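Enquirer: For the sequence shown, my numbering gives the first residue as 6, with consecutive numbering after it.
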Amino acid sequence: MHSFTKHDFQAGAAATSQDDISSNELRILRDLLQLLPAGVTVQDEQGQFILVNEAAASQLQLAASASQPSPVDERHAANLDLLRSGRPVVLEEVLSCGASKYVFLTSHRPVQIAGRNLLISTSTDISEQKAFEDQLFRSAYYDELTGLPTRRVIEHRVNGLIRDDSQSHFALAFLDVDNFKHINDYYGHAIGDALLIELSKRLGHALRETDILSRISGDEFLLLLNPISGNDEVAEFIHVMQERLKAPFFIEESEIFASTSIGVSLYPMHGRSYEALRQNADIAMYRVKNNGKGSTAFFDNSMEREALARMKIEQSLRLAILEKRFCCAFQAKVDIRTHEVQGIEALVRLRDDEGVIQAPGTFINLAVELGLIDELTFLVLAEIVKSIDLINDTFGPTATISINVAAKQAGNVEFMRRFARAIEETGFPKRFMIEVTEDAFVTRSHFQDQIVPILRGIGVGISIDDFGIGYSSLSALADITADEIKIDRSFITDIHQRPRSQGILRAIESLSEALGMTVIAEGIESYEELTYLQAATKIRYAQGYYFAKPIFLEDLKPATPVASESRASLAARPAQDGRQGYSRASGFRR
6 MHSFTKHDFQ AGAAATSQDD ISSNELRILR DLLQLLPAGV TVQDEQGQFI LVNEAAASQL
66 QLAASASQPS PVDERHAANL DLLRSGRPVV LEEVLSCGAS KYVFLTSHRP VQIAGRNLLI
126 STSTDISEQK AFEDQLFRSA YYDELTGLPT RRVIEHRVNG LIRDDSQSHF ALAFLDVDNF
186 KHINDYYGHA IGDALLIELS KRLGHALRET DILSRISGDE FLLLLNPISG NDEVAEFIHV
246 MQERLKAPFF IEESEIFAST SIGVSLYPMH GRSYEALRQN ADIAMYRVKN NGKGSTAFFD
306 NSMEREALAR MKIEQSLRLA ILEKRFCCAF QAKVDIRTHE VQGIEALVRL RDDEGVIQAP
366 GTFINLAVEL GLIDELTFLV LAEIVKSIDL INDTFGPTAT ISINVAAKQA GNVEFMRRFA
426 RAIEETGFPK RFMIEVTEDA FVTRSHFQDQ IVPILRGIGV GISIDDFGIG YSSLSALADI
486 TADEIKIDRS FITDIHQRPR SQGILRAIES LSEALGMTVI AEGIESYEEL TYLQAATKIR
546 YAQGYYFAKP IFLEDLKPAT PVASESRASL AARPAQDGRQ GYSRASGFRR
């Protein structure tokens with residue numbers, strides 16, 4: 006019989022203590038395993054789970070409730086293959102449950118423990134991370150408003166087609182929504198955005214899987230048609246697309262009509278790079294814009310020459326503003342019954358490199374487009390201030406001085422406030438009349454409610470220029486605060502022979518009289534036009550070549566002594582008796 010010694014007791018106690026420690030550690034490990042946020046499973050060679058923590062159990066339950074075929078069955082078969090192959094793998098697993106999508110990053114590692122082949126798997130829920138990555142991807146490659154691909158997507162695709170030597174032909178079309186600024190201004194940006202969404206749906210209708218429609222900026226789109234058999238196929242598709250746009254868009258109880266101007270370039274005929282094809286399609290689109298909008302043009306070499314000429318004008322315009330090579334011509338507004346000068350209009354002119362005077366038709370629209378018109382308007386004001394001596398001596402110190410302001414400027418509160426301050430600082434703000442087109446009033450800009458009070462506060466008058474050819478109607482006059490209306494010359498030309506124009510003229514005249522606005526007829530060029538206005542209307546004031554062409558004050562300098570009075574005194578100086586004013590054969594006087 007064995008008797009326990011002290012050593013045996015100590016050894017037994019140590020063994021018991023060791024068992025207790027191992028058991029405690031095992032419990033701690035199991036508890037920690039259950040608390041891990043990552044799912045952990047261990048499977049044997051038959052694919053049976055011998056260990057599953059709580060996170061893994063939730064994931065397996067989620068997989069079991071997912072759509073058929075069962076992801077659990079698929080995973081079971083895949084795991085058995087991994088056990089047999091003995092190779093580790095890391096993969097993403099996607100589970101869809103109804104509208105929800107879960108993404109797990111799962112690591113499978115085959116191991117051998119105690120002679121048994123086991124598969125240890127860990128899965129981490131990366132759904133939020135993947136959703137954020139998808140959001141970043143969409144923001145980088147898809148337009149947030151329309152859901153269309155962005156510029157970089159279509160650029161990448163075109164470059165890929167160009168690198169593919171087997172690719173034969175494709176077309177790149179540049180689309181610009183016509184008059185979108187007017188739509189935005191009149192209906193508001195919310196409806197403008199809704200229109201872009203609906204427009205993109207119509208433009209993208211009937212596209213093939215190999216075609217791409219991309220929104221590249223506010224109202225500009227690029228369309229890749231790939232592959233194509235030739236010009237006729239592209240022309241027919243775009244014609245059908247243009248016809249589809251003719252139906253009105255109904256947005257928030259508004260009926261809106263929209264069209265697009267489209268320029269097309271073909272690969273490889275019109276370029277062998279994305280940039281060349283895009284630029285040439287853009288050039289073709291501008292040809293459409295210049296010829297009336299709403300149609301399609303294919304690029305040709307003559308357009309490139311026009312674009313180079315336009316670029317030359319743009320460069321010369323920037324240089325002219327930098328070098329202040331602009332000057333002013335002044336055209337009188339005349340009382341057609343007394344031939345007295347009532348006011349003058351400042352007309353900006355550009356001296357080119359050869360010193361030749363250019364009319365504003367060649368550069369004003371470009372200045373607006375390039376964002377140079379503000380600086381140009383300030384140059385005109387500075388020219389007027391500098392020439393106030395000659396203005397007073399030639400036209401009289403009480404003649405109003407009109408300055409044209411583009412509709413885009415009129416809606417810019419910050420610019421108009423700066424311009425109003427500059428006018429006030431001249432010392433004679435009440436001499437000035439701001440001429441804006443009717444668009445400045447009828448669109449939803451800030452001119453009527455914010456700018457007009459500022460101008461009224463310093464005594465500046467307001468004139469509606471080119472009335473009758475814009476986007477308003479006669480009824481719009483009732484909501485307009487202005488001092489005068491200038492009837493566009495298209496209504497005045499041969500007025501004595503055009504009964505319909507005569508009726509329109511009488512309507513404008515009557516309404517303007519009721520609203521207390523002075524009417525000025527623009528473009529009087531013949532004696533017959535003048536006599537009709539004198540005999541058949543109450544119109545008192547007019548402009549036109551019949552009275553005088555625009556004149557440059559420096560042409561009068563040799564015959565005009567420049568007074569030495571200060572500008573402030575000149576502004577209010579009485580007229581000099583006996584001095585003859587500039588006129589058409591002395592046809593009017595100041």
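Cβ coordinates follow ideal geometry from the N, Cα and C atoms, glycine included. All values reported here derive from a predicted model rather than from experimental measurement.
Are at least three pairs of beta-carbons, each pair with one atom in the region 537-557 and one in the region 307-322, less than 8 angstroms apart?
Expert: Taking 8 angstroms as the limit for Cβ pairs, the verdict is that the region 307-322 does not touch the region 537-557.
Enquirer: Just tell me which of Glu559, Gly299, Phe242 and Ala195 has its CA closest to the CA of leucine 150.
Expert: It is Ala195.
Enquirer: When the distance is taken between beta carbons, is alanine 302 closer than 9 angstroms to alanine 281?
Expert: The answer is no: Cβ separation not under 9 angstroms.
Enquirer: Given this structure, state the Cα-to-Cα distance separating isoleucine 529 from tyrosine 146, to the nearest angstrom.
Expert: Their backbone Cα atoms lie some 57 angstroms apart in a straight line.
Enquirer: Would the region 448-464 count as touching the region 422-432 if we require 3 or more Cβ pairs under 8 angstroms?
Expert: Contact holds: three or more Cβ-Cβ distances are below 8 angstroms.
Enquirer: Less than 9 angstroms separating the beta-carbons of alanine 60 and serine 112?
Expert: Not closer than 9 angstroms, so no.
Enquirer: Just the C-alpha distance for glycine 152 and methionine 316, rounded to the nearest angstrom, thanks.
Expert: So the alpha carbons of these two residues sit roughly 34 angstroms apart.
Enquirer: What ranges does the beta strand (DSSP E) occupy inside the region 102-153, keeping only unbroken runs of at least 3 residues that lie completely in it?
Expert: Correct list: 105-118 and 121-130.
Enquirer: Below 8 angstroms, how does it come out for the region 85-96 and the region 107-126: are there three or more Cβ pairs, yes or no?
Expert: In short, these stretches touch, since the Cβ pair count reaches three.
Enquirer: So, using beta-carbon positions, are valine 163 and serine 132 closer together than 9 angstroms?
Expert: The answer is no: Cβ separation not under 9 angstroms.
Enquirer: Return the chain-ordered list of same chain residues with a C-beta closer than 6 angstroms to the C-beta of isoleucine 188, the five sequence neighbours on each side being excluded.
Expert: Only Gly197 meet the Cβ criterion.
Enquirer: In terms of DSSP beta bridges, what is leucine 250 paired with?
Expert: Answer by DSSP bridge pairing: none, since leucine 250 is not bridged.
Enquirer: Can you tell me whether methionine 438 is helix, strand or coil according to DSSP?
Expert: Methionine 438 falls in the strand class under three-state DSSP.
Enquirer: Is glutamine 336 helix, strand or coil by DSSP?
Expert: Three-state result, glutamine 336: strand.
Enquirer: If you pair each beta-carbon of the region 133-143 with each one of the region 235-249, do three or more pairs fall below 8 angstroms?
Expert: With the cut-off at 8 angstroms, the region 133-143 and the region 235-249 do not touch.
Enquirer: Should tyrosine 551 go down as buried or exposed, given a rule of 16 or more other Cβ atoms within 10 Å for buried?
Expert: Tyrosine 551 comes out buried.
Enquirer: Please report the distance separating the alpha-carbon of valine 390 from that of aspartate 398.
Expert: C-alpha separation (whole angstroms): 14 angstroms.
Enquirer: Straight-line CA distance for isoleucine 485 to arginine 220?
Expert: About 37 angstroms.
Enquirer: Do isoleucine 439 and alanine 630 have their beta-carbon atoms positioned less than 9 angstroms apart in this structure?
Expert: Outside the displayed span of the chain (6 to 595) sits residue 630, for which this structure offers no information.
Enquirer: Using 10 angstroms around the beta-carbon of aspartate 169, count the other beta-carbons present and answer buried if the total reaches 16, otherwise exposed.
Expert: Aspartate 169 comes out exposed.
Enquirer: For isoleucine 497, tell me which candidate among Phe185, Asp471 and Leu65 has the shortest Cα-Cα distance.
Expert: Ranking Phe185, Asp471 and Leu65 by Cα distance to isoleucine 497 puts Asp471 first.
Enquirer: Return helix, strand or coil for serine 307, following the three-state DSSP convention.
Expert: It is helical.
Enquirer: Using CA atoms only, rank isn't needed, just tell me which of Glu260, Phe368 and Leu123 is closest to tyrosine 192.
Expert: Closest by alpha carbon: Glu260.
Enquirer: Using 8 angstroms as the threshold, is the region 245-254 in touch with the region 197-215, meaning 3 or more CB pairs across them?
Expert: Segments in contact, yes.
Enquirer: Would you mind working out which of Asp183, Phe304, Phe254 and Asn231 sits nearest alanine 199, comparing C-alpha positions?
Expert: When only C-alpha atoms are compared, the closest one is Phe254.
Enquirer: Please name the residue in Ser63, Ala351 and Asp181 whose C-alpha comes closest to that of asparagine 409.
Expert: For asparagine 409, the nearest C-alpha among the options comes from Ala351.
Enquirer: Using only alpha-carbon positions, find the residue among Ser495, Ile349, Glu489 and Ala519 that is nearest to glutamate 534.
Expert: Selected option, being the one with the closest Cα: Ser495.
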